[in-house]
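So the protein sequences, as listed, match chains A and B. Counting in the working numbering, the first sequence runs from 1 upward without gaps. Counting in the working numbering, the second sequence runs from 251 upward without gaps. We put the beta carbon where it would ideally sit given N, CA and C, even for glycine. Here the structure is a predicted model, which means the values were calculated and not measured. Report on the structure given below.
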Amino acid sequence: MVTSKESAIVIDNLTKRFEDVTAVDGLSLEVEKGELFGLLGPNGAGKTTTINVLCGLLEPTSGSVSVGGYDVRKKTDKVKELIGVCPQDTAVFSHLTGRENVELFGNLHATQKEKLKKNADDLLRKMGLLEDAKRRVGKYSGGMRRRINLIMALVHDPEIAFLDEPTVGMDPQSRRAVWGFIKELKKRNKTVILTTHYMEEAEELCDRVGIIDYGKLIALGSPKQLKAKFRAKNLEEVFIQLTGRRIREE
Amino acid sequence: MNFQRVFSLVKKDLKRMIREPATLFLIILFPVVLTLVFGVSFGAIGGTQSTTYQIGVVNMDSAVLDQQWSQHLIGNLTGTEILKIQDYSDNETAQTDLLQGKIQAVLLIPENFGQSCISFWNAPTNSSLWVNTTVQLYLDSGSMFATQAIPPIIQQVLTATVYGEQPISVPRPIQIGRPSLIQVSKLTAFDYMAPGIFAYAAIFLTMTVAESFTTDREKGLLRRINTTPTTPSEFMTSQAISNMFAALIQVALVFAMAYLVGYRPNVNSASFVLAFVIMLIFALCNVGFGLITATIAKSPGAATGIAFIFIMPQMFLGTFVGFALSPSAQAAGKFVPSYYVTDALTSLFLRGAPVSSPMILLDLAVVTVCSVAALLIGILLFRKYGKA
Numbered sequence: 001m002v003t004s005k006e007s008a009i010v011i012d013n014l015t016k017r018f019e020d021v022t023a024v025d026g027l028s029l030e031v032e033k034g035e036l037f038g039l040l041g042p043n044g045a046g047k048t049t050t051i052n053v054l055c056g057l058l059e060p061t062s063g064s065v066s067v068g069g070y071d072v073r074k075k076t077d078k079v080k081e082l083i084g085v086c087p088q089d090t091a092v093f094s095h096l097t098g099r100e101n102v103e104l105f106g107n108l109h110a111t112q113k114e115k116l117k118k119n120a121d122d123l124l125r126k127m128g129l130l131e132d133a134k135r136r137v138g139k140y141s142g143g144m145r146r147r148i149n150l151i152m153a154l155v156h157d158p159e160i161a162f163l164d165e166p167t168v169g170m171d172p173q174s175r176r177a178v179w180g181f182i183k184e185l186k187k188r189n190k191t192v193i194l195t196t197h198y199m200e201e202a203e204e205l206c207d208r209v210g211i212i213d214y215g216k217l218i219a220l221g222s223p224k225q226l227k228a229k230f231r232a233k234n235l236e237e238v239f240i241q242l243t244g245r246r247i248r249e250e
Numbered sequence: 251m252n253f254q255r256v257f258s259l260v261k262k263d264l265k266r267m268i269r270e271p272a273t274l275f276l277i278i279l280f281p282v283v284l285t286l287v288f289g290v291s292f293g294a295i296g297g298t299q300s301t302t303y304q305i306g307v308v309n310m311d312s313a314v315l316d317q318q319w320s321q322h323l324i325g326n327l328t329g330t331e332i333l334k335i336q337d338y339s340d341n342e343t344a345q346t347d348l349l350q351g352k353i354q355a356v357l358l359i360p361e362n363f364g365q366s367c368i369s370f371w372n373a374p375t376n377s378s379l380w381v382n383t384t385v386q387l388y389l390d391s392g393s394m395f396a397t398q399a400i401p402p403i404i405q406q407v408l409t410a411t412v413y414g415e416q417p418i419s420v421p422r423p424i425q426i427g428r429p430s431l432i433q434v435s436k437l438t439a440f441d442y443m444a445p446g447i448f449a450y451a452a453i454f455l456t457m458t459v460a461e462s463f464t465t466d467r468e469k470g471l472l473r474r475i476n477t478t479p480t481t482p483s484e485f486m487t488s489q490a491i492s493n494m495f496a497a498l499i500q501v502a503l504v505f506a507m508a509y510l511v512g513y514r515p516n517v518n519s520a521s522f523v524l525a526f527v528i529m530l531i532f533a534l535c536n537v538g539f540g541l542i543t544a545t546i547a548k549s550p551g552a553a554t555g556i557a558f559i560f561i562m563p564q565m566f567l568g569t570f571v572g573f574a575l576s577p578s579a580q581a582a583g584k585f586v587p588s589y590y591v592t593d594a595l596t597s598l599f600l601r602g603a604p605v606s607s608p609m610i611l612l613d614l615a616v617v618t619v620c621s622v623a624a625l626l627i628g629i630l631l632f633r634k635y636g637k638a
């Protein structure tokens, strides 16, 4: 596959194996610049593994991956300058305040001081955490920690954002705030890869979604296209039709 | 290397040391309490503190008619109120008391002292007619005050007694001999322990480093930092800096506490600087051990236990505890880095060795080699097996 100039992410025949488990199996996918792409799938389908490969945290077993035009294997440092990653499990320093956590990650991305202060203030305000920014994160509620987790990924204003289930455990108000925030990223022509288990979230936010199961891409298109193709009322019905009703183990 | 990244990581680690109670205790409070407890228990308080100095005087002046000169000198020495004079009939008894720490100096007035004074006053401008002699001074080498303060006081009193207001630059028939430094047995147990306590405190950095790495790994923070452009060398540099800073604070606090409880090593500023340098290098060794521990340990709780694999031998074989061990255990101590730290600090603070002493430089070299090796092994192992 030839890397397109307009493609933010190109995944070509990606396979990732962990000993005898194949987490991602021959996945090919292209995400355009400025696109909000939803990566959906049951537990253990290979979503997080795919994101970890895209971030340079995991080496692919085979296949190639490019992010922002850079081969992730060869130019990991360049890729890391472009991306912001919001991990699925909240990863914050409990001994630091909300602002300190946010500024730490801005500094790790070598964000210029004034820009960092402005971005941190903006994001903390939009996420409703400005007043609590001076409190240590160890004292935050679960929802507040998740919001700080997201801000830490975006404080340096990355071109490409990987948001791995960013709204899990949030109350409806917080989730709506995050949705508004993600839509704003799209308006600013940022590329967003969003994984989620909330189908209404994907339907509301994503330009296109890819449904993966057992490491393979089993459906790809806009929510509207997929609903039409599978004659479903909503994306959840599409998802259930494709992946079945059996409960999966991680 | 991007220093914005490095310093933000250092700041983060220093905040952890201050804000997390367990870390604060291990790094700051533990060494302070340890020094205080040992200082009080093993007799540093009041051990060498003194506002007056006990001087033994042996008056061997044989002049029958002119002994008033030596008596006059002794009277003037007593009159300073800083010196408490104790008369001795013979030098041997005075030296015995000096060795036992009962007095801090011995002043030996020679037998021709009075004769020398008279010869000076009979012909103040004709030095060929003077009877030259030397007043001998012996000092307690273990007392910084004795070696630094007593000679100028004696010189001042002697000048005023014998020559009155004569200008100082003119030649004199009586000189004070080069003071002899006597190693006395007045040192307290704490004086012997203190160098080991400095090393003892730093050893626990192994545990704090291992705990912080395993905690950050468990919480996914190392992985998250790895999604940023931070390079492994920037990350490890920040760890080295923050832990060296912690060691610096530890040593300063231990020094301060030791000083408060009466510890007064007879050293100059160069020795202090070298002591700090040795401790900083030793801190790197413990960062290395901490990384090795974090590689083996699967959780912060396990890290605490496994850290003792490195802490216990260093503690028992290489710090102040080592003084009480059998000869074979003391020989085994030569295989732990803390032994060389304690040995170097003992040479500096207890034996009064200069910073250029070959023994100290050898200790420094061994500590440096051990630290570089431990750090490199720690970094390599952690990068290969410990990050996941």
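Indicate the three-state DSSP secondary structure (helix, strand or coil) for residue i in the structure shown.
i	result
residue 30 (chain A)	strand
residue 191 (chain A)	strand
residue 23 (chain A)	strand
residue 208 (chain A)	strand
residue 243 (chain A)	helix
residue 263 (chain B)	helix
residue 383 (chain B)	strand
residue 370 (chain B)	helix
residue 464 (chain B)	helix
residue 56 (chain A)	coil
residue 15 (chain A)	strand
residue 388 (chain B)	strand
residue 613 (chain B)	helix
residue 9 (chain A)	strand
residue 38 (chain A)	strand
residue 288 (chain A)	For chain A, the structure presents residues 1 to 250; residue 288 (chain A) sits outside this window and is missing.
According to DSSP, what are the bridge partners of residue i?
i	result
residue 309 (chain B)	B:359
residue 304 (chain B)	B:334
residue 83 (chain A)	A:160
residue 70 (chain A)	A:67
residue 136 (chain A)	A:97
residue 449 (chain B)	According to DSSP, which records beta bridges pairwise, residue 449 (chain B) is partnered with nothing at all.
Taking the alpha-carbon positions, what's the residue i to residue j distance?
i	j	result
residue 201 (chain A)	residue 270 (chain B)	38 Å
residue 138 (chain A)	residue 263 (chain B)	16 Å
residue 408 (chain B)	residue 290 (chain B)	40 Å
residue 566 (chain B)	residue 449 (chain B)	11 Å
residue 514 (chain B)	residue 602 (chain B)	12 Å
residue 610 (chain B)	residue 633 (chain B)	34 Å
residue 28 (chain A)	residue 217 (chain A)	8 Å
residue 151 (chain A)	residue 214 (chain A)	31 Å
residue 186 (chain A)	residue 36 (chain A)	6 Å
residue 631 (chain B)	residue 472 (chain B)	15 Å
residue 608 (chain B)	residue 592 (chain B)	15 Å
residue 456 (chain B)	residue 276 (chain B)	10 Å
residue 144 (chain A)	residue 113 (chain A)	25 Å
Along chain A, in chain order, which residues have C-beta atoms closer than 8 Å to that of residue i?
i	result
residue 499 (chain B)	Result: empty, since nearest Cβ-Cβ is about 17 Å, beyond 8 Å.
residue 252 (chain B)	110
residue 262 (chain B)	93, 96, 100 and 104
Anything in chain B within Cβ reach of residue i, meaning under 9 Å, just list it in chain order.
i	result
residue 252 (chain A)	With chain A represented from 1 up to 250, any question about residue 252 (chain A) goes unanswered, as that position is not in the structure.
residue 163 (chain A)	Chain B residues near residue 163 (chain A): none, gap ~12 Å exceeds 9 Å.
residue 57 (chain A)	473, 476 and 477
Under the criterion of a Cβ to heavy atom distance below 7 Å, does residue i qualify as lining the ligand MN?
i	result
residue 495 (chain B)	This structure does not include the ligand MN; it has no bound ligands of any sort.
List, in order along the chain, the chain B residues whose C-beta lies closer than 8 Å to that of residue i?
i	result
residue 108 (chain A)	255, 258, 259, 475, 478, 479 and 480
residue 20 (chain A)	Residues of chain B passing the Cβ test: none, with the nearest at roughly 18 Å.
Buried or exposed: residue i, going by 16 or more other Cβ atoms within 10 Å of its Cβ?
i	result
residue 259 (chain B)	buried
residue 172 (chain A)	exposed
residue 190 (chain A)	buried
residue 635 (chain B)	exposed
residue 586 (chain B)	buried
residue 266 (chain B)	buried
residue 360 (chain B)	buried
residue 271 (chain A)	Because residue 271 (chain A) is not part of the residues shown, which for chain A are 1 to 250, the question remains open.
residue 52 (chain A)	buried
residue 400 (chain B)	buried
Note down, in chain order, every chain B residue with its Cβ under 7 Å from the Cβ of residue i.
i	result
residue 81 (chain A)	479
For residue i, return the contacting residues in chain A, with the cut-off set at a CB-CB distance below 7 Å.
i	result
residue 467 (chain B)	Chain A residues near residue 467 (chain B): none, gap ~11 Å exceeds 7 Å.
residue 470 (chain B)	87, 89 and 91
How would you list, in chain order, the residues of chain A whose beta-carbon sits under 9 Å from the beta-carbon of residue i?
i	result
residue 584 (chain B)	Ordered by position in chain A, no residue passes the 9 Å Cβ test against residue 584 (chain B), which lies about 39 Å from the chain.
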